[in-house]
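Down below is the structure, laid out as structure tokens.
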Amino acid sequence: MIKDFSNKNYQSKIRIKKDYKRKHFSNPYFTRSVKKEHSGGFNTKLYLKILLGVFLLYIIIYSDLFKIQTIDVNGADLINKIELEQIVDEQLNNWRWFILPQQNILFISKSNIIKAIGGKYGLDEIAIKRGWKKITINIKERINYLIIKNNDKLFFVDKQGIIIREIRPEESNIYISEFPLMLTDKETTIGTEAVSSTIVDFILQLNDKLKSLGIEINNYKSGGLNEITAITKLGWQAHFDVTSNFDTAIENMQMVLNNKVKDRSVLEYIDLRFGDKIYYK
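Mind the numbering: the sequence shown is residues 414 to 694 in the working numbering, read in order.
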């Protein structure tokens, strides 16, 4: 039988045999990766990427692109807006971790600003909103009921007897005529209790009643745990126990003033702390 060497299948078999003898096999699914030799020269692309990254960081962190330029304050009534803005501005001049400027809207610390404001003012609410190159401070003031005086300093007190804020000297003449004034030797710190809520309620009630009776009051002072003294502009004093019956104490005071004292300018005091036992001089 004569073999046909021109047949393609036969030639393929011969080629496979030759490859086998040479031990050379080629798998089309597993090809060797040829390592490219890198030159040890300067990598321009890497350098440009690093330079671009540094430039972008500078733009984001230190340029004026995100710098806060406006501070808006909403809700300030008795609190001076300029003074509050100064507190915020002081915080913006600080740095976070010594590298991030607080003036950057992206890195501003709301908690630090709230803490700084709360340390000077007793507020019901403080909220901070960020905008484009500005921050907005929204506050809700506590209602002021009383003024406390200690060591020539004046403070607003709320209904619970908590000190809200200090009154600046230029404000004193405005507010002293509007709110009852109480003298105290107790140490006063913003956010702490200066007097009890019971004493605040009693003074407010007493102040309104004395005004209606035409008795002008200079100030009040605490004489003990539950004792209050009203000092009139004529100089005489009225001593009260805040736990005693309010109406009875007022009736007894009026009885002394109308029936026992002819000249109030020489009156020194009326002691109303012991119920129906009234002492006066």
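All C-beta atoms, glycine included, are put in the ideal place defined by N, C-alpha and C.
Because the structure is a prediction, the values reported are computed rather than measured.
Legend entry - residue 692: first and last residue of the uninterrupted alpha helix (DSSP H) it sits in: First-last for residue 692: 690-693, but that is the beta strand (DSSP E), not the alpha helix (DSSP H).
Inset, instruction - In the DSSP assignment, find the alpha helix (DSSP H) that holds residue 457 and state where it starts and stops. - result: 457-474
Inset, instruction - Find the nearest neighbour of residue 689 within the set 662, 467 and 678, judged by alpha-carbon distance. - result: 662
Inset, instruction - Please report the Cβ distance between residue 608 and residue 635, rounded to the nearest whole angstrom; I am assuming they are in contact, meaning their Cβ atoms lie under 8 Å. - result: 7 Å
Legend entry - Short Cβ contact (8 Å threshold) for residue 530 with residue 575: no
Inset, instruction - Starting from the Cα of residue 476, find the closest Cα among 658, 516 and 569 and give me that residue. - result: 516
Inset, instruction - Return the chain-ordered list of same chain residues with a C-beta closer than 8 Å to the C-beta of residue 591, the five sequence neighbours on each side being excluded. - result: none
Inset, instruction - Quick one: which unbroken alpha helix (DSSP H) runs of 4-plus residues sit fully inside the stretch 530-592? Chain order, please. - result: 582-589
Legend entry - Same chain only: Cβ atoms within 7 Å of residue 692, ignoring 5 sequence neighbours per side: 684
Inset, instruction - Report the rounded CA-to-CA distance for residue 543 versus residue 471, giving the unit in angstroms. - result: 21 Å
Inset, instruction - May I have the straight-line CA-CA distance separating residue 513 from residue 524, to the nearest angstrom? - result: 16 Å
Legend entry - Cβ shell of residue 490 (< 7 Å), same chain only, five flanking positions each side left out: 554
Inset, instruction - Go ahead and label residue 637 buried or exposed: buried means 16 or more other beta carbons lie within 10 angstroms of its beta carbon, across all protein chains shown. - result: exposed
Inset, instruction - Name the residue from 533, 532, 509 and 671 whose alpha carbon lies nearest to the alpha carbon of residue 522. - result: 509
Legend entry - DSSP-derived helix/strand/coil call for residue 678: helix
Legend entry - Buried versus exposed, by CB contacts within 10 Å (16 or more), residue 545: exposed
Inset, instruction - Would you mind giving the Cβ-Cβ distance between residue 586 and residue 569, rounded to the nearest angstrom? I have them listed as a contact below 8 Å. - result: Actually they do not touch by this definition, with Cβ atoms about 15 Å apart.
Legend entry - Boundaries of the beta strand (DSSP E) in which residue 486 is found, first to last residue: 483-487
Legend entry - Neighbourhood of residue 518 by C-beta, 6 Å cutoff - its chain only, sequence neighbours within 5 removed: 479, 481 and 543
Legend entry - First through last residue of the beta strand (DSSP E) which encompasses residue 653: 650-654
Inset, instruction - Could you tell me which of 602, 656, 632 and 580 sits nearest to residue 610, measuring between CA atoms? - result: 656
Legend entry - Span of the beta strand (DSSP E), counted from its first residue to its last, around residue 657: No beta strand (DSSP E) contains residue 657, which DSSP labels as neither H nor E.
Legend entry - Rounded straight-line distance, which links the Cα of residue 659 to that of residue 665: 10 Å
Legend entry - Residue from 673, 682, 526 and 573 with nearest C-alpha to residue 644: 682
Legend entry - As assigned by DSSP and simplified to three states, the class of residue 643: strand
Inset, instruction - Have a look at residue 673 and residue 679 and give me their C-alpha separation to the nearest angstrom. - result: 12 Å
Inset, instruction - Just mark residue 433 as buried or exposed, buried being the case when its beta carbon has 16 or more other beta carbons within 10 Å. - result: Residue placement at residue 433 is poorly supported in this model, since its pLDDT is 47, which falls under 50; the coordinates are not used for a value here.
Inset, instruction - Output yes or no for whether 8 Å exceeds the beta carbon distance between residue 532 and residue 578. - result: no
Inset, instruction - Go ahead and pull the three-state DSSP assignment for residue 493. - result: coil
Legend entry - C-beta contact flag for residue 560 and residue 580 at 8 Å: yes
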